[in-house]
Amino acid sequence: MAQSRRRGQMCCVYGCVNCRYDKENALSDNHFFNIPKHVLEKRKQKQRWCALIKSQDGLDGFNMTPRPVICHEHFLESDFKKALGSKRWTLEPGVEPSVFNWSKVSERKPPKNRLPLSPSKDQANLMVDAPVSPDNHQSL
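So the sequence shown is numbered by my numbering: it starts at 2 and just counts up by one.
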């Protein structure tokens with residue numbers, strides 16, 4: 002009988018697949034942080050973190066509570082402290098997740114200069130008002 006895979010805690014950031022246990026059911030090298038209390042208490046902070054992790058509170062089974070966790074890969078190394086002699090890592094006060102694997106939106110290229118498909122009203126008036134001489138008149 003095949004043994005089921007343990008996952009444990011999973012990162013709540015959209016598209017991240019990091020979990021507490023690896024494929025061999027051993028504890029992984031990932032570290033997880035709870036969402037800070039000050040974020041949960043202030044509505045604007047809560048909305049900001051939801052936007053950062055690309056999840057909406059109350060939708061798609063995601064609820065911004067103390068339970069969801071974010072893995073260390075979404076923070077800069079300067080954003081957390083590693084306790085000496087312990088495996089416990091803690092976030093510095095006021096930091097936000099800032100490292101994500103989704104592509105950055107590149108700046109849009111300016112549009113190419115194109116000739117209009119039909120003449121504008123000003124150009125049409127110039128064409129009507131222009132004198133037609135027998136030399137530049139074209140026959141069909």
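From the three backbone atoms N, C-alpha and C, an ideal C-beta is built for every residue, glycine too. Please read all numbers here as calculations on a predicted model, not as lab measurements.
About 6 Å separates the Cβ atoms of residue 56 and residue 15, confirming a contact at the 8 Å cut-off.
Per DSSP, the unbroken beta strand (DSSP E) holding residue 82 starts and ends at 81-83. By the beta-carbon neighbour count (other beta carbons within 10 angstroms, threshold 16), residue 75 is buried.
Following the DSSP letters along the chain, one finds residue 18 in no beta strand (DSSP E), marked with neither H nor E. Straight-line measurement puts the Cα of residue 72 at about 16 Å from the Cα of residue 66.
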